[in-house]
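Novice:
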Amino acid sequence: MNALDRKILAALALDGRLSLTDLAAQVGLSLSSCHRRVRTLEDAGAIRGYRADLAPAALGLEFAAIVFVTLNSSKVVRDFEKAVAELDNVIQAQRLFGDPDYLLQIVVKDLPAFQKLYDEKLTALPGMQRMTSTLVMKDVVINRPLTSALS
């Protein structure tokens with residue numbers, strides 16, 4: 001990956017709806033060359049996809065929590081991860097080194113909805129030993145494009 005590829009990625013990270021014509025002009029390439037580079041970046045997995053950045057509060061999801069999970073055995077990792085992936089309100093799940101084992105980011109309508117999810121779904125996840133949750137007061141940095149990391 002060279003500097004031109006990084007310019008393409010930075011531009012698309014800021015605006016994934018850029019037309020190839022506008023992208024080519026912005027990074028100083030011909031349309032065909034730009035298209036070829038974008039396709040190569042997609043095929044290499046550097047570009048995972050394109051999507052809209054939705055505002056949870058505008059969709060009625062005004063309550064956010066972070067849940068730390070410790071499993072009771074490493075034998076249940078696959079089952080736990082599969083079950084977590086099926087929970088729509090889990091918007092991000094990360095496996096961690098050390099203790100705890102996982103960090104889950106959750107959005108729901110309100111506190112009663114979180115309590116219901118917690119009681120009915122989260123506590124029933126495979127291998128659950130311990131959960132600790134904390135409520136999100138406000139988002140300070142969210143979905144930051146990787147543009148500065150590309151430099």
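FYI, the UniProt record's numbering numbers position 132 of the sequence shown as 132, with every residue one higher than the one before it.
The C-beta atom is built at its ideal place from N, Cα and C for all residues, glycine as well.
Tell me which residue opens and which closes the beta strand (DSSP E) that residue 102 is part of.
Specialist: 102-108 is the span of the beta strand (DSSP E), which, as asked, contains residue 102.
Novice: Could you tell me whether the stretch 58-65 touches the stretch 135-148, using the rule of 3 or more Cβ pairs below 8 Å?
Specialist: Yes, the stretch 58-65 touches the stretch 135-148.
Novice: Enumerate in chain order the residues of its own chain whose CB-to-CB distance from residue 89 is below 7 Å, with the five nearest sequence positions on each side excluded.
Specialist: Same-chain partners within the cutoff: 106, 107, 108 and 117.
Novice: Would you call the stretch 68-82 in contact with the stretch 118-127, where contact means no fewer than 3 C-beta pairs closer than 8 Å?
Specialist: With the cut-off at 8 Å, the stretch 68-82 and the stretch 118-127 touch.
Novice: Would you kindly check if the distance between the Cβ of residue 67 and the Cβ of residue 131 is under 8 Å?
Specialist: For residue 131 and residue 67, yes; Cβs fall inside 8 Å.
Novice: Taking the alpha-carbon positions, what's the residue 12 to residue 23 distance?
Specialist: Distance between the alpha carbons of residue 12 and residue 23 is about 8 Å.
Novice: Just tell me which of 81, 104 and 86 has its CA closest to the CA of residue 92.
Specialist: It is 104.
Novice: Got a sec? Which residues, its chain only, sit under 7 Å from residue 80 by beta carbon, not counting five neighbours each side?
Specialist: Correct list, in chain order: 71, 125, 126 and 127.
Novice: Just to confirm, are residue 119 and residue 69 a CB contact at a threshold of 8 Å?
Specialist: No; because the gap between Cβ atoms is not below 8 Å, this pair is not in contact.
Novice: State the CB to CB distance for the pair residue 41 and residue 9, rounded to an integer number of angstroms; the pair is presumed to be in contact (CB under 8 Å).
Specialist: Yes, residue 41 and residue 9 are in contact; Cβ-Cβ is about 7 Å, under 8 Å.
Novice: Whose C-beta lies closer than 7 Å to the C-beta of residue 122 among residues of the same chain, with five residues either side of it excluded?
Specialist: Cβ neighbours of residue 122 beyond the five flanking positions: 67 and 131.
Novice: Is it buried or exposed for residue 37, if we count other Cβ within 10 angstroms and need 16 for buried?
Specialist: That one is buried.
Novice: Could you tell me whether the Cβ atoms of residue 31 and residue 20 are closer together than 8 Å?
Specialist: Contact: yes.
Novice: Quick one: using the 10 Å Cβ neighbour count with 16 as the cut-off for buried, is residue 114 buried or exposed?
Specialist: So residue 114 counts as buried.
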